[in-house]
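Undergrad:
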Amino acid sequence: MRMELLVIEGGKRLEGELELQGSKNSALPILAAAAVTGETSILKHCPYLRDTDAAMRILRHIGCTAERAGDTVIVRSDAPKRWEIPDALMREMRSSIIFLGALLSRFGRAELSAPGGCDIGLRPIDLHLSALSALGVRIEEQCGRLCCSAPKGLHGAAITLPFPSVGATENSILCAVTAKGETVIRNAAREPEICDLAAFFNGCGARISGAGTDTITVEPAARFRATEFTIMPDRIMAATFLAAAAVTGGSVCVHRAAPQYLVPVLPYFEQAGCVVQTQGDDVLLHAPRRLQSTGLVRTMPYPGFPTDFQASAMVMAALSQGTSVFVETIFENRFRHVPQLRRMGAHITVHNNVAVVEGVPQLCGAAVQATDLRGGAALVTAGLAAQGETHVSCVGHIDRGCERFEQNLALLGARIKRIETDTE
Ligand code: EPZ
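Right, here's the structure in full:
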């Protein structure tokens, strides 16, 4: 069977500049939101990824048109046809649960598969379902399928999320924008991608306030209008490229990096000994010859340290002077990159959700396997710094969220290429 590998010759300093992609985690809920309006949505800076492709296939299946021209995607949702999404389409993208709220808003009913767990955790959706129930949704689970309807229509509600779940906040907004009456979401997620979703809907005629805080108020739109919207930059990919520069002793400028969204991570680079400058929307990083450990890192909901950057931050720690401790508080199984990093000579021990990292002066190239999107990107980052050649397999994980990853790294001087090979 044919499989793709990323082959990296390590030891090369990354230098130069790159233009950052649009945010995967903003594009996905906004693509779902485009199905709600019944209008034409022109989405600029929409990253070309496996996940955004999967979302576009779901849009076409339910009766929208979704066309890409470069980094612009145009969605027309004036003639919806289906409120059910087949299992095969649901399985293509873990976060397709975001279409539940969109279908309920558009059709008043929805049928789709409960997303299974994934590599980083069980990924339950109980918070989504309880929030939607408060908005008038009746949910029946039959053989792994969610059959949802709103027999009396969607109505505004006061929702308090037990945990500031990003997806549950997004699904609540997707339903509330067409509900009768005002909805208030308390203990809402504060991630910047929530602000982008709210800004998209406000551009289409809804009135959503408080996005970015823990209390969001949603006034439904009397009617939606067509809109043109530019998706925010991908803050996790900005941090990922900065980490690649940091571990190679490099000097890199990331354009369109929206430093205001990097507030939770820029101090991490500075504590590690990097010089970080922001100029408008650009972030420049100059790395030291050897990184310093930063002590304790605890992942938290925004504006805390992002769990999506934990793996690449750990690669920096693995090469630092001193010992670092990572506490992963968001997902229960998000250290799957650790065994792969240990194959490259990293000294990391894991106890439950705590990883202790003793920095080493050098990693060695090895054959490693991507286990999930962010872990895979971290293995590539480790390969850039390692002595010798690293082969990263299961690159499909990486292609879900890293647009033109090897091309961008090669632009910065990395010796990286994608090859096809036969598995034994
Ligand atoms: C979003 O996932 C992101 N995905 C994740 O990025 C990100 O890691 C996560 O938010 C946290 O920032 C997208 O935006 C597409 P959550 P989401 O609901 O919405 C538990 C990446 O690599 N939970 O905030 O699934 C859940 O199990 C991905 O780009 C429940 O228990 O995150 C987890 O432990 C990975 N019940 C925690 O909450 C629920 O109903 C955070 O989940 C929902 C969530």
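Residue numbering for the sequence shown follows this note's numbering, beginning at -11 and increasing consecutively. Cβ coordinates follow ideal geometry from the N, Cα and C atoms, glycine included.
(1) What does the alpha-carbon distance come out to for the pair residue 56 and residue 123?
(2) Compute the minimum distance between the beta carbon of residue 319 and the heavy atoms of the ligand EPZ, and state whether it is under 7 Å.
(3) Can you look up residue 221 in the DSSP assignment and give me helix, strand or coil?
(4) I believe residue 287 touches residue 316 by the beta-carbon criterion, under 8 Å. Please report the beta-carbon distance rounded to the nearest angstrom.
(5) At the 8 Å Cβ level, is residue 116 part of the contact set with chain C, yes or no?
(6) Ignoring anything shorter than 3 residues or poking outside the segment 180 to 239, list the beta strand (DSSP E) runs there in chain order.
(7) Looking only at C-alpha atoms, which of 179, 361 and 116 sits nearest to residue 393?
(8) Please state if the CB of residue -1 and the CB of residue 328 are separated by a distance shorter than 8 Å.
(9) Measure from the alpha carbon of residue 90 to the alpha carbon of each residue in 404, 265, 163 and 371, then state which is nearest.
(10) Is it right to say residue 12 is buried, meaning 16 or more other beta carbons lie within 10 angstroms of its own, or is it exposed?
(11) Less than 7 Å separating the Cβ of residue 128 from some heavy atom of the ligand EPZ?
(12) Have a look at 154, 224 and 228 and flag the residue whose alpha-carbon is nearest the alpha-carbon of residue 202.
(13) Out of 78, 178 and 380, state which residue places its alpha-carbon closest to the alpha-carbon of residue 357.
(14) Given a threshold of 16 other Cβ atoms within 10 Å of its Cβ, counted over all protein chains shown, does residue 325 qualify as buried or as exposed?
(15) Exposed or buried, which one is residue 303 when buried takes at least 16 other CB atoms within 10 Å?
(16) Is any heavy atom of the ligand EPZ found at a distance shorter than 7 Å from the C-beta of residue 32?
(17) Is any heavy atom of the ligand EPZ found at a distance shorter than 7 Å from the C-beta of residue 168?
(18) What did DSSP end up calling residue 168 once you bin it into helix, strand or coil?
(19) Per the DSSP calculation, residue 304 is bridged to which residue(s)?
(20) For the ligand SAM, any of its heavy atoms closer than 7 Å to the Cβ of residue 181?
TA: Looking at the coordinates:
(1) One alpha carbon belongs to residue 56, the other to residue 123, and they sit about 34 Å apart.
(2) Checking every heavy atom of the ligand EPZ against the Cβ of residue 319, one is found closer than 7 Å.
(3) Residue state, collapsed to three classes: strand.
(4) 5 Å between Cβ atoms; contact.
(5) Absent here is chain C; the protein component of the structure consists of one chain.
(6) Taken in chain order, the complete beta strand (DSSP E) segments of 3 or more residues contained in the segment 180 to 239 are 195 to 197, 203 to 207 and 215 to 218.
(7) Measuring C-alpha to C-alpha distances from residue 393 to each of 179, 361 and 116 identifies 361 as the nearest.
(8) For residue 328 and residue -1, no; Cβs fall outside 8 Å.
(9) Per the Cα distances, 163.
(10) Looking at its Cβ environment, which holds 16 or more other Cβ atoms inside 10 Å, residue 12 is buried.
(11) Taking 7 Å as the cut-off, one finds no heavy atom of the ligand EPZ near enough to the beta carbon of residue 128.
(12) Closest by alpha carbon: 154.
(13) Measuring from the Cα of residue 357, the nearest candidate turns out to be 380.
(14) Within a 10 Å sphere around the beta-carbon of residue 325 sit 16 or more other beta-carbons, which makes this residue buried.
(15) Residue 303 sits buried, since 16 or more C-beta atoms from the chains shown fall within 10 Å of its C-beta.
(16) No, Cβ of residue 32 sits at least 7 Å from all heavy atoms of the ligand EPZ.
(17) No, since every heavy atom of the ligand EPZ falls outside the 7 Å radius drawn around the Cβ of residue 168.
(18) Residue 168: strand per DSSP, three-state reduction.
(19) Its beta-bridge partners do not exist; DSSP assigns none.
(20) Within the structure as shown, the ligand SAM is missing, the only ligands being the ligand EPZ.
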